[in-house]
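Quick note: the sequence shown uses my numbering, first residue 640, plus one each step.
Virtual Cβ for every residue (Gly too), placed ideally from N, Cα, C.
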Amino acid sequence: MRAVTQQEFGGPEVLRVAEVPIPEPLPTEVRVRVVAAGVNPVDHKTREGGGMAGVLGAPPFILGWDVSGVVEKVGFGVHTLAVGDEVYGMPWFPRQAGGYAEYVTAPSRHFARKPAGIGHTAAAAVPLAALTAWQALTAATTISPGQRVLVHAAAGGVGHFAVQFAKHLGAHVIGTARADKHEWLRSLGADELVDYTTTRFEEVAKDVDVVLDLVGDEDTGVRSVAALAPGGLLIAVPSGVSPAVSQAAGQAGVRAIGFLVEPDGPALAEIAALIDAGRVHVEVAGVLPLAEAGEAHRRLATGRTRGKLVLEI
């Protein structure tokens with residue numbers, strides 16, 4: 640099968656299409672013929688030697704965790720899926736899934752049936768970003784109606800789902816994004832928006848109950864503490880909580896926690912139901928062929944992508 644492999648850490652040029660063996664499903668696993676694969680910030684960070692490189696180890700490896708496709712083969716003991724089912728998922732994260740390829744194998748419960756109302760390209764844009772937002776807002780904390788939730792990088796892959804999920808849960812949603820994305824984010828449910836290029840968010844976002852920090856630098860973290868109400872919670876997604884942020888949180892009487900997403904088939908089924916009910920919109924920023932994975936990484940690294948980039952297999 641074709642797959643995008645890398646033999647060394649480096650820039651986008653290290654991503655090359657190669658022929659590799661088709662994987663065989665073990666008991667409780669399924670083999671999925673991948674139609675489309677999502678591209679995430681963790682992908683290009685790992686390619687460079689950061690991200691999940693500490694989990695995967697040194698190359699060679701195949702990047703990619705977001706996939707949407709069709710079950711082609713089932714292993715012994717699989718009862719939740721059958722050959723021919725259209726599925727989507729984020730298998731194995733943070734271990735290697737090999738999503739930038741024509742086939743993947745993983746436990747059947749790492750997948751769910753894809754939303755019926757969207758195609759594989761849009762479905763591949765969902766799993767890692769949507770699960771990150773969903774688990775952060777429903778497992779790392781519990782959002783109550785009327786609470787104030789601040790989402791940093793609200794126009795990004797995780798951010799645009801977080802805005803919609805927080806609104807679905809009854810929150811008053813505040814987002815940080817460039818001004819040209821404000822109208823779109825309001826259409827997704829954001830109640831207030833802050834242009835972080837012209838305004839310090841902590842000066843206008845006050846008494847916030849939960850901050851979902853999808854930026855991850857120390858300055859944003861410390862300033863987010865200042866936006867929280869007493870007893871509030873900062874959820875730091877990309878890089879965890881630095882000592883400076885932890886100290887600031889302790890002094891302010893708020894909590895700061897790190898967060899990492901994990902595979903979750905049942906949650907994907909819930910998210911699919913929301914998408915099919917028209918409650919959640921999936922934003923695809925661009926679609927590229929598998930051979931242009933490097934170009935997808937270049938675009939994503941600019942930090943200006945609205946929604947998600949997807950590779951068509």
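- Minimum Cα-Cα distance from V790 among the listed residues A866, V919, L939, S885 corresponds to A866.
- Secondary structure of S881 (DSSP, three-state): coil.
- In this structure, the CA atom of E711 is about 17 Å from the CA atom of A736.
- Taking C-beta atoms as the reference points, A657 and T644 count as a pair closer than 8 Å.
- A contact between stretches requires three or more CB pairs, one per stretch, nearer than 8 Å, and the stretch 739–753 fails this requirement with the stretch 816–827.
- In this structure F898 is in contact with I874, their Cβ atoms being roughly 5 Å apart against a cut-off of 8 Å.
- Following the DSSP letters along the chain, one finds T859 inside the alpha helix (DSSP H) bounded by residues 857–866.
- As the crow flies, the alpha-carbon of E857 is around 7 Å from that of A883.
- Note on the stretch 761–809: whole alpha helix (DSSP H) runs with a minimum of 4 residues are 766–777, 796–807, in chain order.
- DSSP places A932 outside any beta strand (DSSP E); the residue lies instead in the alpha helix (DSSP H), whose first and last residues are 932–940.
- Non-local C-beta neighbours of V812 in its own chain, meaning closer than 7 Å and more than five positions away in sequence, comprise V788, V790, V802, A805, K806, G828, A829, D830, ordered along the chain.
- Minimum Cα-Cα distance from S885 among the listed residues I896, V876, G796 corresponds to I896.
- Within the same chain, Cβ atoms closer than 7 Å to the Cβ of P664 are found at R670, K712, V713, G714, T744, the five residues on either side in sequence being excluded.
- Cβ-Cβ distances below 8 Å link M640 to E658, V659, P660, I661, A740, E741, Y742 in the same chain, with the five nearest sequence neighbours on each side left out; the list follows chain order.
- Per DSSP, reduced to three states, the secondary structure at F732 is coil, with no helix or strand assignment.
- Going by DSSP, R672 is part of the beta strand (DSSP E) stretching over 668–678.
- Between V833 and G871, the C-beta spacing is not below 8 Å.
- The three-state secondary structure of T838, taken from DSSP, is coil.
- Taking P869 as reference, the option from G855, G892, A888 with the minimal CA-CA separation is G892.
- For G897, there is no enclosing alpha helix (DSSP H); the residue is part of the beta strand (DSSP E) that begins and ends at 894–897.
- Of the residues assessed, T771 falls on the buried side of the cut-off, its CB having 16 or more other CB atoms within 10 angstroms.
- With a 10 Å radius around the Cβ and a threshold of 16 neighbouring Cβ atoms, Q646 comes out exposed.
- Listed in chain order, the non-local C-beta contacts of G917 below 6 Å within the same chain number zero, local neighbours out to five positions each way being set aside.
- As a beta-bridge residue in DSSP terms, K712 pairs with R670.
- Pairing D915 with Q890, the inter-Cα distance amounts to about 44 Å.
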